[in-house]
Amino acid sequence: MSFLTIVLLFLTGIVAGGFGGLLGIGGGAVMLPIVRFGFDFSPSIAVGTTLVAVVFTAVAGSYQHWKMGHVDWKSVKYIAPAGIVGVIIGSVLFYWIKDYHELIDLILGIVFAPIAASMIYEGLFLRKKPDFPGQTMGGNIALKTGIGGGVGIFTGMSGLGGGFIMVPAFVYLLRSPVKIAIGSSMASFVWFAMVGGIIKIAQGLCDIPAALAMGIGAIGGAIIGARLVSRIKPATLKTIFGFIFLYIS
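Numbering of the sequence shown is given in numbering that gives the first Met the number 0, commencing with residue 0 and proceeding in unit increments.
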């Protein structure tokens, strides 16, 4: 891998981290199509490399939310273990189809369609999300483990964090305050990403230099994105990226 490619991947991480912070979607949804089509990674390597790269932003993001008191640890202790089991299952399933590139591209296209629809809807119509008072989630243990397990399988199969699934699920199904939903989603995903990333490396489905370059860049991008939140309307960006993701899907 050339030095120029490493630099471009680092810049990709900055862009992904920045837009991920602005849009609240996580950097993986931005990284994956870029490394797949911009750098011509095979579908299986693109998924594995993206998952390892987002470990960096997941750790940094969860730490920030923990400092702000936005994590319901009592719920995370059920969601995270279920998600770890799920990501193991998803990673095994993904390994079985790793050589079927057209099938993986089809799966990723299906995955990006609801992401696009959600972003377009939120950008155009949902200017203010419903919120609930308090600092904890509702719901029972079975529901929390079900959400964690399902998102874990999704992460193992797609390399994405599933925040666009977990946050609405926490808000609408567990009646969680939005800030607690976002923080708890990030704190849960740290464990999904670390276990899933280790598995992808062991399976030989990760370009480690590329993942490191993007991951380090994404941390810096997330800091920049956080500072730009008050200056740029996230709704506008969500609409734009929603249509971009719709085209990609």
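Cβ coordinates follow ideal geometry from the N, Cα and C atoms, glycine included. Small disclaimer: the values here were computed from a predicted structure and weren't measured.
- No residue range can be given for Leu159, since it is assigned to no alpha helix (DSSP H) and is classified by DSSP as neither H nor E.
- Bounds of the alpha helix (DSSP H) holding Val91 are 72 to 95.
- The three-state reading of DSSP puts Phe38 in coil, since its state is none of H, G, I, E or B.
- Between Gly12 and Gly224, the C-beta spacing is not below 8 Å.
- Pairwise C-beta distances place the segment 47 to 60 out of contact with the segment 165 to 180, as fewer than three of them are shorter than 8 Å.
- Along the segment 158 to 220, the alpha helix (DSSP H) occurs as fully enclosed runs of 4 or more residues at 162 to 172, 177 to 201, listed in sequence order.
- When DSSP states are grouped into helix, strand and coil, Ser1 belongs to the coil group.
- In this structure, Lys143 lies near Tyr77, with their beta-carbon atoms less than 8 Å apart.
- Between Gly16 and Gly26, the C-beta spacing is below 8 Å.
- Where Gly133 is concerned, there is no enclosing alpha helix (DSSP H), because DSSP gives it neither an H nor an E.
- Per DSSP, Met30 is one residue of the alpha helix (DSSP H) stretching across 27 to 32.
- Out of Leu211, Pro113, Trp95, the CA that lies nearest to the CA of Gly155 is found in Trp95.
- A Cβ-Cβ separation of about 5 Å places Phe9 in contact with Ala212 under the 8 Å criterion.
- One Cα belongs to His100, the other to Phe242, and the distance between them is close to 24 Å.
- Rounded to whole angstroms, the separation of the alpha carbons of Val150 and Ile88 is 11 Å.
- Of all alpha-carbon atoms in Pro208, Gln202, Ile207, Phe169, the one lying nearest the alpha-carbon of Ser74 is that of Phe169.
- With fewer than 16 other CB atoms across the displayed protein chains lying within 10 angstroms of its CB, Leu92 is exposed.
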